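Chains as they are written, first to last, in UniProt numbering: chain A, 1 to 159; chain B, 1 to 159. Built from N, CA and C at the ideal position, the CB exists for glycine as well. Bear in mind the structure is a predicted one, so any value in this text is a computation, not a measurement. Written out below as structure tokens is the structure these notes cover.
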DNA sequence: CTGCAACTGTCGCATATGCAACAACCACTT
DNA sequence: AAGTGGTTGTTGCATATGCGACAGTTGCAG
């Protein structure tokens, strides 16, 4: 009797695998990324009215020299239409300059203007402060581990 | 001469802090989350035409009993409007049922229907398979560490 | 040189999203 | 009992997004 009841329960349970949402890595990744980015994006959103995509483009261009839109797409795992529109916005804001490549007239070389570089300096400072808070919270060791793991994931799954 | 040039370069550099985008945790988090979720979401998107938000709600409701929209918001770090619309979609699809709470007529208790449970079983199986792939790629140890770190981040920053 | 496949960035359209405003409702005070 | 502040879920609106179609361009095969 009792045994049968158990069987029924188990039968009903059998439809469920023993899947645990709270251990599911894509879920945890999204939660952590969303919560973190929501907090951080407030710092530049209010200050410069900047999109996340726009922030990323600024960050990439601030790193080094001129980049092409496609290169930014690849590095940042972004859609080309997203980049295209974000770039338009930054150009209107005078933070960014386009120059059609001499070697390939389809491609446009993107680079920061003077004021773009100034804004980037502020953004970088904000970012570094935020990063330090996170590292302090996690501990430097674990923060490095985390960075390593996240990088592997992004690389591995990339097409 | 050479020295002066260097100074000039360093002067220009000085505007840049030594910020390195590739070590910036919010950036890495977003990349990893985006790349991972893009891969995974294909599995249910094409099969059930389901949104990421809808998947999440299914997953939460599949875990246990009935939940209120607000509870789902809190657990999944989602906007209430997002949840509201996702729930409407799931209800139209017959996967989910609403029942106004007897103790609070504002709140609605959400629970899966029979077909909702069946769909959830498939989703859970897909998820588990995906999880195993990820764990195999990272190694079980490191996967657990990662989960732990991500959980901390989501908790810490949460309001 | 011509044709052809692949690539670059833009745009239109349908959908998804965030935010604020909103009505219905609750708990608590006076 | 009526008022007040706070909560729950929905909706309108402006914006952001993904996807596919597109014109302009390149490089290569024939």
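- In the DSSP assignment, residue 71 of chain A falls within the unbroken alpha helix (DSSP H) covering 69-76.
- Beta-bridge analysis with DSSP links residue 110 of chain B to B/67, B/98.
- For residue 79 of chain A, there are no neighbours in chain B by C-beta distance under 8 Å, as the nearest C-beta there is about 10 Å away.
- Distance from the CA atom of residue 140 of chain A to the CA atom of residue 148 of chain B, rounded to whole angstroms, is 15 Å.
- In the DSSP assignment, residue 22 of chain B falls outside any alpha helix (DSSP H) and carries neither an H nor an E.
- Counting the other CB atoms within 10 Å of its CB gives residue 116 of chain A a total of 16 or more, which places it among the buried residues.
- Only 56, 59, 60, 62, 63 from the segment 54-74 of chain B bring a Cβ to less than 8 Å from some Cβ of chain A.
- Put simply, the CB of residue 19 of chain B is near chain A, with a gap under 7 Å to one of its CB atoms.
- Burial is judged here by how many other beta carbons sit within 10 angstroms of a residue's own beta carbon; residue 31 of chain A has at least 16 and is buried.
- Contact between residue 109 of chain B and residue 61 of chain B does not hold, since the beta-carbon distance rounds to 10 Å and is not under 8 Å.
- Shown here, residue 151 of chain B sits in a helix according to DSSP, grouped into three states.
- Approximately 10 Å separates the beta-carbon atoms of residue 74 of chain B and residue 83 of chain B; this is outside 8 Å, ruling out the contact.
- Annotated three-state conformation of residue 50 of chain B is coil, per DSSP.
- With a threshold of 7 Å between beta carbons, residue 99 of chain B makes no contact with chain A.
- Interface with chain B (7 Å Cβ-Cβ cutoff): residue 35 of chain A is included.
- A direct Cα-Cα distance of roughly 44 Å separates residue 156 of chain B from residue 99 of chain A.
- In this structure, DSSP gives residue 117 of chain B a helical state, which the three-state scheme calls helix.
- A straight-line Cα-Cα distance of about 10 Å links residue 86 of chain A and residue 80 of chain A.
- Neighbourhood of residue 26 of chain B in chain A, by CB distance below 9 Å: 33, 36, 37, 39, 40, 41, 127, 130, 131, 134, in chain order.
- DSSP places residue 135 of chain A within a helical segment (H, G or I) once states are collapsed to three.
- The beta carbon of residue 29 of chain B falls within 7 Å of a beta carbon belonging to chain A, placing the residue at that interface.
- Ranked by Cα distance from residue 72 of chain B, the options A/51, A/154, A/21, A/102 are led by A/21.
- Within chain A, no C-beta atom comes nearer than 8 Å to that of residue 108 of chain B; the closest sits roughly 21 Å away.
- Buried is the label assigned to residue 76 of chain B, since at least 16 other Cβ atoms lie within 10 Å of its Cβ.
- Collapsing the DSSP output to three states places residue 103 of chain A in coil.
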